[in-house]
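Visitor:
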Amino acid sequence: MAALLLGLLLFAMQSPPIPSRPLADEGPTSPPTSSAADNGTTAHPNGTVQQLPQIIIIGVRKGGTRALIEMLSLHSAVAAAQNEVHFFDWESHWEKGMSWYLSQMPYAFPDQLTVEKTPAYFTSSKVPKRIHQMNPDIKLLLILRDPTERVLSDYTQVFYNRLQKHKRYQPIESVLVKDGEINLGYKALNRSLYYVHMKNWLQYFPLESIHVVDGDELIRDPFPEMKKVERFLKLEPQINASNFYFNKTKGFYCLRDHGRERCLHDSKGRAHPNVAPVILQKLYQFFHEPNKKFFELVGRTFNWK
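The sequence shown maps to residues -20 to -1, 1 to 285 in mature numbering (1 follows the signal peptide of the UniProt record, and there is no 0).
(1) Using three-state DSSP, classify Tyr233 as helix, strand or coil.
(2) Straight-line CA distance for Leu215 to Lys158?
(3) Where does Lys145 sit, in a helix, a strand or coil, going by DSSP?
(4) Could you pull the start and end residues of the alpha helix (DSSP H) that Ile259 belongs to?
(5) Taking only the alpha-carbon atoms, compute the straight-line gap between Asn170 and Asn220 and give it to the nearest angstrom.
(6) Where does Lys208 fall in DSSP's three states?
(7) Nearest CA to the CA of Arg242: which residue from Leu198, Leu82, Ala251 and Asn223?
(8) Around the C-beta of Phe266, are 16 or more other C-beta atoms found within 10 angstroms, so that it is buried, or is it exposed?
(9) In angstroms, rounded to a whole number, what distance separates the CA positions of Tyr101 and Asn227?
(10) Could you compute how far the alpha carbon of Lys119 sits from the alpha carbon of Pro186?
(11) May I ask you to verify whether the segment 120 to 128 touches the segment 267 to 284, counting CB pairs closer than 8 angstroms and requiring at least 3?
(12) Answer with buried or exposed for Pro90, where buried requires no fewer than 16 other C-beta atoms within 10 angstroms of its C-beta.
(13) Please report the distance separating the alpha-carbon of Leu198 from that of Gly160.
(14) Going by other Cβ atoms of all chains shown within 10 Å of its Cβ, with 16 needed for buried, is Gln31 buried or exposed?
(15) If you check the beta carbons only, do Leu54 and Asp237 fall under 7 angstroms apart?
(16) Grab me the residues of His191's own chain with a C-beta within less than 6 angstroms of its C-beta, minus the 5 sequence neighbours each way, in chain order.
(17) Where Gln261 and Arg142 are concerned, what is the direct C-alpha to C-alpha distance, given to the nearest angstrom?
(18) Using alpha carbons as the reference points, say which of Tyr135, Tyr140 and Lys147 lies closest to Ser154.
(19) Identify, in the order they occur along the chain, each residue of the same chain with its Cβ nearer than 6 angstroms to the Cβ of Phe275, setting aside the five sequence neighbours on each side.
(20) Output the distance between the C-alpha atoms of Met51 and Lys145, rounded to the nearest integer angstrom.
(21) With respect to the alpha helix (DSSP H) encompassing His73, which residues constitute its N-terminal and C-terminal limits?
(22) CA-CA distance, Leu(-17) and Thr98?
(23) Please list the terminal residues of the continuous beta strand (DSSP E) segment that includes Leu120.
(24) In chain order, which alpha helix (DSSP H) runs of at least 4 residues are fully inside the segment 13 to 72?
Following this line, the structure appears as structure tokens:
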């Protein structure tokens, strides 16, 4: 009997699966009418509530969004959704309305801030307007890496996914270069054209509402970057250097919280494929002008090659 009760408890604690299929980038700008509470919350008897997020990590894919939300969760004033919600970019979710979105949020105490992260938001043209309609004063976190490194990480993720499913994959040179030139049809390149997507966000949100986290620095030394995030969110200083320790086996920083240690999944921090220097140089040259345009948009520079 005890074993049966334990099994039922573990089943109840499991997170619901998140669909893995995005739909076309089109559809209505307003969700169907919903039955969410007028104040955007649903209550629980223990005093916690589900509330619409005051913070959204909007991207970018392979920029370090999982590391960022895990590190932000170290703060006691933050309640984080565990799964990528894809509400604003997938029509199948958008059509369910705001009450469904609210139901995907974690239960939090009234003095906590709720945060969700969906990396695909940054590059989806319809998302900024939809989020603005929900809350024009929301705080947005955007974590970026050197665009060339991000492209290589993007390829690496797809490579391992196809490998695990025993599917064919293309060598990286064949997707990066076509007829001797950079392959402009490769979607991963578009995701690294940060200025194109940033211009869309700045049509709806002032730059003061968007904090850009340096994903490369977050890997090298996470503590200073997280202090900047705390200041942007106006959180009481709480995250400190002792929350991070370098794991030599994994090759990146892991977290320490009240004596408990945890690391990101093994799928994080994978080694990139070897790329011929001549192709890397083509990538660096390709991103040179787009990077300059992005630096001008955000009023700061990054140590990108």
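Just so you know, even glycine gets a beta-carbon here, dropped at the ideal spot from N, CA and C.
Guide: If we stick to the structure as given:
(1) strand
(2) The alpha-carbon atoms of Leu215 and Lys158 are separated by roughly 48 angstroms.
(3) Reduced to three states, the DSSP call for Lys145 is coil.
(4) From DSSP, the alpha helix (DSSP H) with Ile259 extends over Pro257 to Val278.
(5) Those two C-alpha atoms are separated by around 36 angstroms.
(6) helix
(7) Considering only alpha carbons, the answer is Asn223.
(8) buried
(9) 31 angstroms
(10) 10 angstroms
(11) yes
(12) So Pro90 ends up on the exposed side.
(13) If you take the alpha carbons of Leu198 and Gly160, they lie about 35 angstroms apart.
(14) buried
(15) yes
(16) Correct list, in chain order: Leu121 and Phe212.
(17) Roughly 27 angstroms between the two C-alpha positions.
(18) Tyr135
(19) Here Phe275 has Thr281 as same chain residues with Cβ atoms under 6 angstroms from its own Cβ, once five neighbours each way along the sequence are excluded.
(20) 31 angstroms
(21) Glu71 to Trp74
(22) Below a pLDDT of 50, predicted positions are generally treated as unreliable, and Leu(-17), at 39, falls in that range; the measurement from the model is reported next regardless. Going by the C-alpha atoms only, they are around 36 angstroms apart.
(23) Lys119 to Leu124
(24) 45 to 52
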